[in-house]
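Here's the structure, in C-alpha cells; my notes come after.
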C-alpha cells in the first residue's frame, strides 16, 4: 500500500457566531492516493467547500476555528507550516480550481499574465520562458489560438474558456494535488462535458491526484475513482465509485442516487428525499439524517453511528446500512 | 390567523427607520456617531440657552482679545471683543442647517433624477446623463464667486449652487442600481400580473434604492459642511451670520496666530471636524449595516475575544465519534434481517 | 400525464408561427453598420392545453427570449403569437391585460426572483393586489391556501426570502405564479439553480399542481432526462433556430440532429456500467450577433459538411410528429452534391 498523497485526519471546523456555533465540519478523514481522483459529494451546506478551504489552509481564524490531527501532502506535514511557507506550497504542490471563474480571475490582468505569474513565482523562469510555458499550458487545455488568447482579459472569454484558463492555472506547475470545487457547475451541459474531459485527461496524463468537490453525481461517475459522501458535516459513506453507484449502503446515498433523473426512466414521479438538510446550528440528535430516513429506528435518534469499515475498504456511518442485495 | 395580526407584524417590520437607528446604536462606532450628531443638534437648537452671551448683540462687547477665563471660556475676539464660546455655539446652527437641509434636498433631487433616468430610459436617460456631464464640467467655485457678485453674499447663493450641481453624484449611483433592479425577475413577475410603471417604481425600485440614498446623503451632508466652511472662510457667505468658517477667517485676519490666540483657531476647527466626523461615522456604519458582507472584522474579533475557550473545546469534543461500546452490545437495535454480525 | 395524440389536432392553447425576435446592437458610432442580435429566428410551435411542452437548449440559444415572447413581454419582430386563438400582440390593452392574467412565469434563479425586502406574504399576495378587486381578508386566505399547497407553514408568512433555502424560495415563487389561477405557466429552468437532491421535490410539486389544476406548462431546460420524463412535446433550439421538434417520445427514440445527440451524451447518465460514446463538440457557443448564414450549428458540428456553412437547413418531417433541420438528414440536391458540398469539413475523430 503506497503512501497516500493527501492525508487528512479528524478535521473539525466551527464558525462561532452571535447565535451559537456553526458546526461546519465534524471530524472527517480523507485520503487521496497518488494519481487518484477522489470525489467529495454532498449538498449545499454540508461542509465540503469548507473542507477544501481547510486543506488549503485558506480559512482564517477568525471567523473560523479549526482543529486537525493530521494534514499531510506527500508525506510533508502542512499543519505546522506558517502562512509564508504555505504560500510556497499553494500553486506549486497544491492548486485549487474554483467554481466561479469570474471571481477567481483578476479582471484587470490578462489571463496570460496571471498564468505567467504562477510560473515566475514558483520557478526561476524568465519572463519570456514563462510566457512560452503559459502558451503551451493553454494549448494543453484546449484554448484555440493560445498565444493571442493569452492577451485576453477574463471578461472577453466565454465561461467554458475561463474555466479552461483556471485549469491551466492550476496545472501550471504540475502540482501533486488539485482541488476542484464545483469546477463545472455554472457551465452549460455541452461545455461542461468538454471541460471535464480536459480535466480528466490532464489529471490522468500527468499523474496528478485530484480532490473533486461537487453536488452533481453525474460528474462523479465520469471523473472519480473513490467517493466520499458528506452529510451535514460528517462523512457518511466512502467507497470506490462503481461500488457506491451500484450498491449504496447509506440511505442518504441511495436517496441521492435515486433522485437524479435518468434517461432510462419511465414517466413516473421523481424520487425525492423528504424535508431538507438540517440547519448547521440546529442539528438533530443522534444520526443527523434520521429525520429524513425511511430506515430510522432505535438507536438512530439517540446516538450518532460511527464510521464502520466494510469489505473492500468501504465505510459507512449507519446503524442500519443497506445490504449486499440491492434494496428498493 | 386574523388579517389584522398579519398587518401589524408586517407594519412592525416595515418601520425600517427605527430599526436602522437601533442597529446603528448597537454598533459601537455607530453609537458614537449617533451621540455626537445628537449632541450637535441639541447644541444648535438650544443655542440661545447655552450661549452665555448673545454674539449678535453689538452693544455688549467686552474687552477685545481676552484670554480664556471663567467668564469667557474661549476668550474674546481680538477684532471685535465678541465671546468666542457663544460664537462657537451659534456657529453650529449654520453648519448643521446648511449641511442637513442641502443634503436632504440633494437626496430628493438626485434620487428622482437617477430613478427617472434608469427606469424610463431612452431619451430621458440620455437627456439627464448629458446634463450631468455638463454640470460636472462647470467649476463651482468660480461660479459661486461670480454669482455672489450679482446676487450678493448670502447662503442662499451657496445652497443654490450646491443644489444645482450636487445632485449628479447620487443620480449616477442610483441610476446604475435602478438599471439592475429594473431587470430583476420579481419586477418581471409584477409586470406580468399587470403592474403599472408607477407601481413598479414606487413599490420595488425606490425601496430598493433607499439604503443607498440614506447612506449617500449622510456622507453628502458631511461634504457640504466642509464645503460651506471653506466658502465662508473665503468670505462668500452671509457676512452677518456666524459660522465656523467665518470664524476661521476672522481669526486669521484678526491676527490670532500673531497674538498666539490658538484657541480662537482651534475652536471652530474642532467644531467643523466634529460635525463632519460624526456624519461620516454614521455613513460608514450604515454601509456596514446595509451590506452584511462588509461587516467589520472588528466585531468578529470582539466576538472571538470573548469566546469561551472551554465552550469551544466542548463543541469540538462533541464532534468526536463515541467510543466503541465493546461489551455493551445491545442486540435489540440490530434488526432481524440484518445480515452483518457484531462489528 | 398521458396526453392522447389527438390533442395535437385540437386547438392549441398557445401557438407561435414563424416568430423571429431581433434586437439591435448599440452602434459604437452613428455611422457604423447596424448589427442585429438574432435571438429567435423563425420558430413555429403549438402547445396543447394540459400538456408540458419542453424547450431544450443551452445559454444563448434564445429560449428565454422565446419564453418572453410567449407571455407578451417582448414583441416579435416577425411572426405571430396566438394565445387561445387570439393574436396576442394585436389585442386591445384591456384584452391583452386579461390574457396576461392567464399566464405566469417561474424563474430560474430563486435568489433573485423574490424581492428581498418583501415578506413572503407580500410576495405571494402581490399579483392579487395588483389585479385588485379582492378584500384583504380574501387575499390572506388565498395566500395561506397556496402556502400550504407548496408545503410551507403559516408562520413563514412574515419571514423574508433570506430566511429560506433555494428550494423553499422556489416554492414561494411557484405559489406566487399560481395565485391568479393562470392557465399557462412558463417554467424557465426552475430547478437548474438548485441542488440535485432538491430537484425531485420541486419537479414533483410542479407535476402535482399541473394535474390538480389542469395547467399547461412550457418547460425550459437543458436537462434532457427531466424533459424526457415530463414533456409530451419538445423543441431543441440552438442559436435561435429550431434544430429538432416533435413528440418527445419520438425524438428520444430516434434523435437525429447532431446537437440533440451531443446534448444526450452530455447529460452524463449515472449508470456506471454503460459507457456510451460521448460526442464532444468543438469550440464554444458563438455569439448571436450576425449568426452564420447556413446552419447555425455548423461550426461546432462534428459531422459538418462544406455546404452546411452557407446553405441554411430547413425543417423536414422524418416521421410523424418529428422534424429535423439538418443536411445530414435532408441531404443535398444533386447539383449541390456535384459541387462537392457534401464533403465533410473535417474527417471524423475518434469518440
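Chains as they are written, first to last, in this note's numbering: chain A, 1 to 328; chain B, 329 to 671; chain C, 672 to 1022.
Think of the CB as a built atom: it goes at the ideal place given N, C-alpha and C, for glycine as much as any other residue.
(request) Measuring only between beta-carbons, confirm whether residue 776 (chain C) sits less than 8 Å from chain B. (result) Translated into the one-based positions of the third chain, residue 776 (chain C) becomes position 105. Yes, residue 776 (chain C) counts as interfacial toward chain B.
(message) Considering only heavy atoms of the ligand SAM, does any lie closer than 7 Å to the CB of residue 551 (chain B)?
(response) With respect to the ligand SAM, the structure shown offers nothing to examine, as it has no ligands at all.
(request) Measuring alpha carbon to alpha carbon, tell me which of A:147, A:170, A:5 ends up nearest residue 104 (chain A). (result) Numbered from 1 along the first chain, position 104 holds the residue referred to as residue 104 (chain A). Nearest of A:147, A:170, A:5 to residue 104 (chain A), Cα basis: A:170.
(message) Quick check on DSSP: helix, strand or coil for residue 483 (chain B)?
(response) By one-based count along the second chain, residue 483 (chain B) stands at place 155. Helix.
(request) Please report the residue range of the beta strand (DSSP E) in which residue 929 (chain C) lies. (result) Here residue 929 (chain C) is taken as the residue at index 258 of the third chain, counted from 1. Premise fails: residue 929 (chain C) lies in the alpha helix (DSSP H), 929-937, not in any beta strand (DSSP E).
(request) For residue 14 (chain A), go through chain B and note every residue whose CB falls closer than 9 Å to its CB, in chain order. (result) Against the first chain, residue 14 (chain A) aligns to sequence position 14. Residues of chain B passing the Cβ test: 640, 643, 644, 647.
(message) The alpha helix (DSSP H) that contains residue 879 (chain C), what's its start and end?
(response) The count along the third chain starts at 1 and reaches residue 879 (chain C) at position 208. Where residue 879 (chain C) is concerned, the enclosing alpha helix (DSSP H) starts and stops at 867-884.
(request) Kindly list the residues whose CB is nearer than 7 Å to the CB of residue 503 (chain B), restricted to its own chain and excluding five residues on each side of it in sequence; keep chain order. (result) Against the second chain, residue 503 (chain B) aligns to sequence position 175. Taken in chain order, the residues that qualify are 442, 445, 446.
(message) Please report the straight-line C-alpha distance between residue 45 (chain A) and residue 756 (chain C), rounded to a whole angstrom.
(response) As a working mapping, residue 45 (chain A) is identified with position 45 in the first chain. As a working mapping, residue 756 (chain C) is identified with position 85 in the third chain. For residue 45 (chain A) and residue 756 (chain C), the distance between alpha carbons rounds to 48 Å.
(message) Could you check whether the Cβ of residue 62 (chain A) sits closer than 8 Å to any Cβ belonging to chain B?
(response) Position 62 of the first chain, counting from 1, holds the residue named residue 62 (chain A). Residue 62 (chain A) counts as touching chain B.
(message) Quick check: what's the CA-CA separation for residue 56 (chain A) versus residue 507 (chain B)?
(response) Position 56 of the first chain, counting from 1, holds the residue named residue 56 (chain A). Position 179 of the second chain, counting from 1, holds the residue named residue 507 (chain B). Distance between the alpha carbons of residue 56 (chain A) and residue 507 (chain B): 39 Å.
(message) Quick check: residue 375 (chain B) and residue 420 (chain B), are their CB atoms within less than 8 Å of each other?
(response) The sequence position of residue 375 (chain B) within the second chain is 47, counting from 1. The sequence position of residue 420 (chain B) within the second chain is 92, counting from 1. The answer is yes: Cβ separation under 8 Å.
(request) On a CA-only basis, which of C:961, C:874, C:847, C:927 is nearest residue 860 (chain C)? Give me that one, please. (result) Looking up residue 860 (chain C) in the third chain gives position 189. The option with the nearest alpha carbon to residue 860 (chain C) is C:874.
(message) If I follow the unbroken beta strand (DSSP E) through residue 70 (chain A), where does it start and stop?
(response) Indexing the first chain from 1 puts residue 70 (chain A) at position 70. 70-73 is the extent of the beta strand (DSSP E) around residue 70 (chain A).
(request) Hey, could you find the ends of the alpha helix (DSSP H) residue 514 (chain B) is sitting in? (result) As a working mapping, residue 514 (chain B) is identified with position 186 in the second chain. Per DSSP, residue 514 (chain B) belongs to the alpha helix (DSSP H) from 513-520.
(message) Buried or exposed, going by whether 16 or more other CB atoms sit within 10 Å of the CB of residue 336 (chain A)?
(response) Because chain A here runs from 1 to 328, residue 336 (chain A) falls outside it and cannot be looked at.
(request) Starting from the C-beta of residue 696 (chain C), find all residues in its chain whose C-beta is less than 7 Å away, skip the five residues before and the five after it, and write them out in chain order. (result) By one-based count along the third chain, residue 696 (chain C) stands at place 25. The residues 706, 707, 708, 960, in chain order, have a CB closer than 7 Å to that of residue 696 (chain C) in the same chain once the five nearest residues on each side in sequence are set aside.
(message) What ranges does the beta strand (DSSP E) occupy inside the segment 951-1000 of chain C, keeping only unbroken runs of at least 3 residues that lie completely in it?
(response) 987-990, 993-995
(message) Going by DSSP in three states, residue 624 (chain B) sits in which element: helix, strand or coil?
(response) In the second chain, residue 624 (chain B) corresponds to position 296, counting from 1. In this predicted model, residue 624 (chain B) has a pLDDT of only 49, less than 50, meaning its place in the structure is not dependable enough to derive any value.
(request) Per DSSP, which residues does residue 724 (chain C) bridge with? Please list them. (result) Taking the third chain and counting its residues from 1, one reaches residue 724 (chain C) at position 53. The partner list for residue 724 (chain C) (beta bridge, DSSP) reads C:889, C:904.
(request) For residue 27 (chain A), go through chain B and note every residue whose CB falls closer than 9 Å to its CB, in chain order. (result) As a first step, residue 27 (chain A) must be located in the first chain, where it is residue number 27. Contact annotation for residue 27 (chain A) against chain B: 644, 647, 648, 649 [CB-CB distance below 9 Å, chain order].
(message) Any contact between the segment 248-256 of chain A and the segment 313-324 of chain A? By contact I mean 3 or more CB pairs, one from each, below 8 Å.
(response) yes
(message) For a test of the three-state rule: what should DSSP assign to residue 279 (chain A), helix, strand or coil?
(response) Residue 279 (chain A) sits at position 279 when you count from the first residue of the first chain. Look at residue 279 (chain A) here: in three-state DSSP terms it is strand.
(request) Would you give the residue range spanned by the alpha helix (DSSP H) that residue 535 (chain B) belongs to? (result) In the second chain, residue 535 (chain B) corresponds to position 207, counting from 1. It spans 534-561 - the alpha helix (DSSP H) in which residue 535 (chain B) sits, taken as one unbroken run.
(request) Could you say which of C:806, C:713, C:916, C:910 lies nearest to residue 904 (chain C) if we only look at CA atoms? (result) Against the third chain, residue 904 (chain C) aligns to sequence position 233. Closest by alpha carbon: C:916.
(request) Could you say if the segment 485-501 of chain B and the segment 433-440 of chain B meet the contact criterion of at least three C-beta pairs nearer than 8 Å? (result) yes
(request) Would you identify the three-state DSSP class for residue 855 (chain C), choosing helix, strand or coil? (result) Within the third chain, the letter at position 184 stands for residue 855 (chain C). DSSP places residue 855 (chain C) in strand when its eight states are reduced to three.
(message) For a cutoff of 8 Å on Cβ pairs, would you count residue 352 (chain B) as touching chain A?
(response) The residue given as residue 352 (chain B) occupies position 24 in the second chain. Contacts with chain A at 8 Å (Cβ-Cβ) do not include residue 352 (chain B).
(message) Using 8 Å for Cβ pairs, my map puts residue 212 (chain A) next to residue 223 (chain A). What's the rounded Cβ distance?
(response) Numbered from its first residue, the first chain carries residue 212 (chain A) at position 212. Numbered from its first residue, the first chain carries residue 223 (chain A) at position 223. Contact flag correct, Cβ pair sits at about 6 Å.
(request) Return the residue from the list C:877, C:762, C:849, C:910 that minimises the CA-CA distance to residue 968 (chain C). (result) Here residue 968 (chain C) refers to the residue found at position 297 of the third chain. Closest option to residue 968 (chain C), Cα to Cα, is C:910.
(message) Using beta carbons (cut-off 8 Å, strictly below), is residue 838 (chain C) in contact with chain A?
(response) Position 167 of the third chain, counted from the start, is the residue given in the question as residue 838 (chain C). Yes, because at least one Cβ of chain A sits closer than 8 Å to the Cβ of residue 838 (chain C).
(message) Which residues in chain B have a C-beta closer than 8 Å to the C-beta of residue 304 (chain A)? List them in chain order.
(response) Stepping through the first chain from its first residue, residue 304 (chain A) is reached at position 304. By Cβ distance, chain B contributes 649, 650.
(request) Report the three-state DSSP secondary structure of residue 461 (chain B) (helix, strand or coil). (result) By 1-based counting over the second chain, the position of residue 461 (chain B) is 133. Of the three classes helix, strand and coil, the one that applies to residue 461 (chain B) here is helix, per DSSP.
(request) Assign residue 1020 (chain C) to one of three DSSP states: helix, strand, or coil. (result) The residue you call residue 1020 (chain C) lines up with position 349 of the third chain. Any reading at residue 1020 (chain C) needs caution, since the residue's pLDDT is 47, under 50, leaving its predicted position unreliable; the model's value is listed next. Looking at residue 1020 (chain C) - three-state DSSP - the assignment turns out to be coil, as it is neither helix nor strand.
(message) What does the alpha-carbon distance come out to for the pair residue 693 (chain C) and residue 745 (chain C)?
(response) Counting from 1 along the third chain, the entry for residue 693 (chain C) is found at position 22. Counting from 1 along the third chain, the entry for residue 745 (chain C) is found at position 74. One C-alpha to the other measures close to 10 Å.
(message) Against residue 510 (chain B), what residues of chain C qualify as contacts under a CB-to-CB distance less than 9 Å, listed in chain order?
(response) Position 182 of the second chain, counted from the start, is the residue given in the question as residue 510 (chain B). Those do not exist, as residue 510 (chain B) stays about 13 Å from chain C at its closest Cβ, beyond 9 Å.
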